[in-house]
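Taking the numbering used here, the leading residue of the sequence shown gets 4, the next gets one more, and so forth.
We put the CB at the ideal spot given by N, CA and C, even for glycine.
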Amino acid sequence: MPWIRSLFFVFALLMLQTASAEWGEGWDPIEPPIPTAAPEGKIEVVEFFWYGCPHCYTLDPLMEEWVAKKPDNVVFRHVPAPLNPSWTVHSQFFYAAEALGITDKLHIPLFKALHDKHRKLFDKQSLIDFAVEHGVDRKNFTEAWNSFGVFVKVRQARKLSQRFQLDGVPAVGINGKYKTSATLAGSYPKMFKIVDELVQLESQSK
């Protein structure tokens, strides 16, 4: 019955608040909740990032470790947040790579090029050249970059970032209802602890 499920959700919320003094201190609620792209019965966890952000580069391997151990009912995805116009080219780069199925080939190399090698890869031409350096066909990548599908993905990423009320990255969204970050939580370990607790809460409410 719906009222029983609602009562159970409130009880689970109170239990988690009691169990952890930190729970509720390192996250913000999202009002109204945002519909997710996850299949029915699944919980969506989204990492918002920008390739030019050193903190995002630091978080990336830690997030991959978390993803490798995540519960089976969790669906994870990266969202390259175009919080300002200068970030948009990196969103286009990510979604062009995704459209071609080569995200794994380019994702970490771009982070490394920007932060370890200090390369200036902040415009369309240099980013396409970078993809070509890594064995990607120039024509295919350029067509993907200019495609309507990538345009839509970037627009959706911008809208989602706005609805999560992001003021910086990296940040993590949980099931369209909560957001957290190392800044809000105080550290990466605390952030992941909060993510786990919110995932648990959402799992119990389904």
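Restricting attention to GLY104, THR183 and ARG158, the CA atom closest to the CA of ASP170 is found in THR183. Closest in C-alpha terms to VAL202, from the list GLU34, CYS59 and TRP69, comes TRP69. Around ALA116, the same chain offers ARG122, LEU124 and PHE133 as residues with beta carbons nearer than 7 Å, after the five sequence neighbours per side are excluded. Your pair ALA99 and PHE52 does not check out as a contact, with CB atoms roughly 16 Å apart and the cut at 8 Å. Comparing alpha-carbon positions, the option among LEU109, VAL153, VAL198 and HIS118 lying closest to LEU130 turns out to be LEU109. In the structure shown, LYS123 falls within a coil segment according to DSSP collapsed to helix, strand and coil.
Burial check for GLU200: the Cβ neighbour count within 10 Å reaches 16 or more, so the residue is buried.
Counting C-beta pairs with one atom in each stretch, the stretch 88-104 and the stretch 185-198 have fewer than three that are closer than 8 Å, which means they do not touch. Pairing PHE154 with TYR60, the inter-Cα distance amounts to about 25 Å. Under the three-state reduction of DSSP, HIS93 is assigned to helix. Ranking ALA102, GLU67, ASP107 and ASP126 by CA distance to the CA of GLU146 puts ALA102 first. ASN178 is a Cβ neighbour of ILE46, given a cutoff of 7 Å.
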